[in-house]
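A.B. asks:
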Amino acid sequence: MITVAEYHPQELDRKWQQHWADTQAFEVTEDPSKPKFYCLEMFAYPSGHAHVGHVRNYIIGDVVSRLKRLQGFNVLHPFGWDAFGLPAENAAIKNGIHPETSTLGNIAHMKGQLQRLGISYAWGRELATCLPDYYRWNQWLFTRMFERGLAYRRRSTVNWCPVDNTVLANEQVIEGACWRCGTQVTQKDLEQWFLKITHYADDLLHAAEGLDKWPEKVLTMQRNWIGRSEGARVRFPIQGANDSIEVFTTRIDTIFGATFMMLAPEHGLVNSFAKESSDEKAFLEKAQRFRSQDRSGRLTGEVAKEGFFTGRFAINPYTNLPIPIWVANYVLGEYGTGAVMGVPAHDERDFDFAKKYDLPVVPVVRPPSGDAPPPGTFYETADDDVLFNSGKFDGLRANEALKVMTKDAEQRGIGKGTVQFRLKDWGISRQRYWGTPIPMIHCPIDGIVAVPDDQLPVELPKVAEFTGRGDSPLASVPEFVNVKCPKCGGPARRETDTMDTFVDSSWYFYRFADAHNDQLPFDPKKVAYWAPVDFYSGGIEHAILHLIYSRFFSRVFHDLGMVDHKEPFRHLLTQGMVLKDGAVMSKSKGNVVDPDSMIQKYGSDALRLYVMFVAPPEKEVEWTDSGLEGSFRFLSRVWRAADQWRADAVAAPAGPIAHASLSASERALRRKTHDTIRRVTQDIDVRQQMNTALSAMMELVNELYAFGEKGERSAQAPKVAREAIESLIVMLSPFAPHTMEELWEMYGHRDGLIAARWPAFDAEAAKAEELEIPVQVNGKLRSVVRVAPTIADAELEKIALADPNVQAHTTGKTVKKVVIVKGRLVSVVVA
RNA sequence: GCCGGGGUGGCGAAACUGGCAGACGCACAGGACUUAAAAUCCUGAGAGGGUAACCCCCUCGUGCGGGUUCGAUUCCCGCCCCCGGCACCA
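Position in the first sequence counted from 1, then plus 13, gives you this note's numbering.
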């Protein structure tokens, strides 16, 4: 038995962590008789060491999990490792340690850190994405998507280092240069795999409306990312050719003002126009310059609008006038049709361009009253604009014209109303080693063939040396590359690219429901019990990619008939960062706070408490050692109070408290106890404000000390104290589980807090015996009167008006009105 | 530029449905205990002013300016500033 009176949290940490591990306290199975709660924190990239900024997230999730257990839920709270990725491979290139070695070592260390915090994980479900029993299901799912046309191949541009002869990830491009050798990075086209997330673009957008427990900020970011625009595609014939150029526009109502046309430098017609030009080489060089500008230019800042005339003209199908076709650097090849009509009078970008190259500016919409904008000027359009200079459409309101003119274009067979998304299909090919091999085989006879299920997983071969040069690392392993075609049995070549690691993290939350299944990624029945995730927390940096990809994958599983819902996460919490000295913690800045050293000094409970108390979880916080010390002090106070009352409390006879026969101070403590139960329950459950729940508990402890000091006591005092302390132990246990388990045991409970119940609120005990009612005169607080809670309004008004401080402000004036808010205040109006 | 979130003591924050602004904590100050210190316990504190002094009392105060209301941190209108995201998306 640990010596009482002295609070030694380190011993308690060890004792109870051991106990939880020995009893497998947090392992769960599906139990249809109990309500389930799936609590998940975003799994970790095993970078080496978790700092307090990382562990804040795990503490938040743990408090929620432990609360839900106390409330009777069957709680799934698992953890795992997002273990593939570039940093481990980069490290291998630098220091020669194999990614597998470093990754598994990091996982072991970080797991220890989490265990020392007492996070209540079901470790039996732990997973790591770099292990074949996980990533085989990435491969399995990929082949399902391939069969359905959701995974396909096309050419796409990558960053390329011409010296190292290798593809570079965006993170490996530092200010336009290769991270290793500093060579200027170029662009290269490669055949790559894409996942067709755009298939779900509309659904992802619309379903976001229903995510009412997601932060508005995240939903907005996703909406912007998906970027839906309604508009029309319209074909402009090319003068002197039997061909046309299709543009996408959201402003077909301004088409009479289209005085030129622009092509993206990537547009298919650029090459043919170049051939017909007087100097093909110069033409292509200019286009090529724009293309490289586009990518690196974005990072370094604004690129000035630039373009050149192709020498060709298109016919505006509404004005029937020839308009020059230009190539412009600000037109994106990947959006819309890669060609736009230039309407300089009503589009600021087009106006800049037109001014620079002296192109005509023709206004076609104008305000409903007043002067029309003169030729050559820019006019910012507004909702109530009407058309002019627009032939038979003159006088139409602009928003009406959008519909009418789209219909007109459709009838004429030159255009079509359409919806355009900014969201692009997800390129997942990585010319990397440390990732999931893409389970495809290239056969000279059968073309691209998926690896059959019974040959999965395609395991990552051991690669001995990481040079960071040359082709995909897997291409240098002949026994990996050379295979037989599963269809014809002839010699074939294995795909040597690996998958983006975001694939790994797009469905891991389902795997936790059935982490050891070797027949399927998961048993749909188990997922049906646990999923969707009820509470998901993690960093805002995943607001777009991870969360949108996960929503995409849950839809794919839904369409495969494996899950019964579309949205994988009910409630999302994005936790704020922990700053030190005003900056994000990072190794390079040298401002990381190591949880282990804090635990050594104050125990894990103090750290957990501090993190929850300092601010609401979404908020960014500044780390202070003194704040942590304050939490330690609070736990010590709880410990001492519990110890002081223990002998008497445990010896007191059982049975209910006779409230009426208590002394005034005992009734006051009971009132505080039950008021605290009410506040904490409300704060946690309804308002989800852990920090104010903790301050309510601190008030109870302060009250308990005051009671110990000067309380006038009856024989029932130990019972009243016991009720206060045991309620406190249970309510505080999600935050400080080690200390509270020990105190719970000290108070004679043998079966642990796992068997404890949330304290019951007694409204009778919480009822105030006297109310303090503030009295305002003309809106200013002038006095406070003490009255019985049952007082009638008329009586209260009389007392309030008779109060000397109130009198001082009412004598000689007429009372015009008295407002009484029951139990809250009296407001007197005088003139 | 567009979108989202904010602005309250020396600091982190709280104020639930429009009802005592600053709970709780940190830092600070004073006191008790101690030979002393630490620890602990108690007390104080938004700013300014009044009163010989005390119980107290007054004025101002939630980014700024208006409005609604008996009453506004909270609702409405107009602005300023900070943080975050996106940004040539036609």
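Positions of the beta carbon are idealized from the N, C-alpha and C atoms, including for glycine.
(1) Specify, as a first and last residue, the run of the alpha helix (DSSP H) that Y370 falls within.
(2) Which runs of the beta strand (DSSP E) spanning at least 3 residues fall entirely within the stretch 169-200, listed in chain order?
(3) To the nearest whole angstrom, what separates the beta carbons of Q200 and S290, a pair I think is in contact under 8 Å?
(4) What do you get for V663, buried or exposed, if any count of 16 or more other CB atoms within 10 angstroms of its CB means buried?
(5) Would you kindly report the start and end of the unbroken alpha helix (DSSP H) that includes H822?
(6) Tell me whether the stretch 795-806 and the stretch 778-787 touch, counting them as touching only if at least three CB pairs, one residue from each stretch, are closer than 8 Å.
(7) Distance, Cα to Cα, P499 vs P465?
(8) Rounded to a whole number of angstroms, what is the C-alpha to C-alpha distance between I110 and F479?
(9) In or out: I210 buried (at least 16 other Cβ within 10 Å) or exposed?
(10) How far does the alpha helix (DSSP H) with F155 in it extend, from its first residue to its last?
(11) By DSSP, does M512 sit in helix, in strand, or in coil?
(12) Nearest to T170 by alpha carbon, out of L144, W206, I451 and D177?
(13) Taking Cβ to Cβ, would you say Y51 is nearer than 8 Å to D95?
(14) Go ahead and pull the three-state DSSP assignment for F326.
(15) Please confirm if the stretch 336-355 is in contact with the stretch 430-437, defined as three or more CB-CB distances below 8 Å between the two stretches.
(16) R362 and Y331: beta carbons closer than 8 Å?
(17) Taking DSSP's pairing of strands, which residues face E758 in a bridge?
(18) Taking all protein chains shown into account, decide if C456 is buried (16 or more other Cβ within 10 angstroms of its Cβ) or exposed.
(19) Can you list, in chain order, the residues of its chain whose CB lies under 8 Å from that of W543, leaving out five sequence neighbours each side?
(20) Kindly confirm or deny that the stretch 821-836 and the stretch 787-797 touch, where touching means at least three C-beta pairs closer than 8 Å.
(21) Quick check: the stretch 218-238 against the stretch 366-386, are at least 3 beta-carbon pairs closer than 8 Å?
(22) From T587 to Q197, what does the alpha carbon distance come to, in whole angstroms?
(23) On the DSSP bridge list, what partners appear for W439?
(24) Which residues in the same chain have their Cβ closer than 6 Å to the Cβ of G314, if we skip the five residues on either side of it in sequence?
(25) Mind checking who N119 pairs with in its DSSP beta bridge?
(26) Using the beta-carbon count (16 or more within 10 Å), is Q444 buried or exposed?
(27) In the DSSP output, what is T394 paired with across the bridge?
(28) Considering only DSSP beta bridges, list what Y51 is partnered with.
(29) For V714, which residues in the same chain have their Cβ closer than 8 Å to its Cβ, ignoring the five residues on either side in sequence?
(30) Determine the closest residue to A807 out of L794, K830 and D75, with distance taken between C-alpha atoms.
(31) Helix, strand or coil: how does DSSP classify T262 here?
(32) Note down, in chain order, each residue of its chain lying with its Cβ closer than 6 Å to the Cβ of V353, except the 5 sequence neighbours on either side.
(33) Measure the CB-CB distance between G503 and I458 and report whether it falls below 8 Å.
(34) State the start and end residues of the unbroken alpha helix (DSSP H) segment that holds T694.
(35) DSSP three-state call for H584: helix, strand or coil?
(36) To the nearest angstrom, how far is the alpha carbon of V17 from that of F645?
C.D. replies: Looking at the atomic coordinates:
(1) E361 to Y370
(2) 179-181
(3) Contact doesn't hold; Cβ gap of about 23 Å is too wide.
(4) exposed
(5) P817 to T823
(6) A contact between stretches requires three or more CB pairs, one per stretch, nearer than 8 Å, and the stretch 795-806 meets this requirement with the stretch 778-787.
(7) Going from the Cα of P499 to the Cα of P465 covers about 7 Å.
(8) Cα to Cα, the separation comes out at about 9 Å.
(9) Buried, since its Cβ has 16 or more Cβ neighbours within 10 Å.
(10) P145 to E160
(11) strand
(12) W206
(13) no
(14) Three-state DSSP puts F326 in a strand.
(15) Short answer: they touch.
(16) no
(17) Partner(s): none; E758 has no beta bridge.
(18) buried
(19) Answer for W543: E43, K49, Y51, L89, F525 and A526, listed in chain order.
(20) These segments touch.
(21) no
(22) Distance from the CA of T587 to the CA of Q197, rounded to the nearest whole angstrom, comes to 38 Å.
(23) DSSP, once it has assigned bridges, lists L208 as partnering W439.
(24) Because the pLDDT of G314 is 46, which lies under 50, any placement of that residue in the model is unreliable, and the question is left without a value.
(25) By DSSP's assignment, N119 forms no beta bridge with any residue.
(26) buried
(27) Paired residues: none, contrary to the question.
(28) L89
(29) F647, R650, V651, A654 and L741
(30) Of the listed residues, the one whose Cα sits closest to A807 is K830.
(31) strand
(32) V260, M275 and V344
(33) yes
(34) A677 to Q695
(35) strand
(36) At V17, the pLDDT of 42 sits below 50, so the modelled position is not reliable and the matter cannot be decided from this model.
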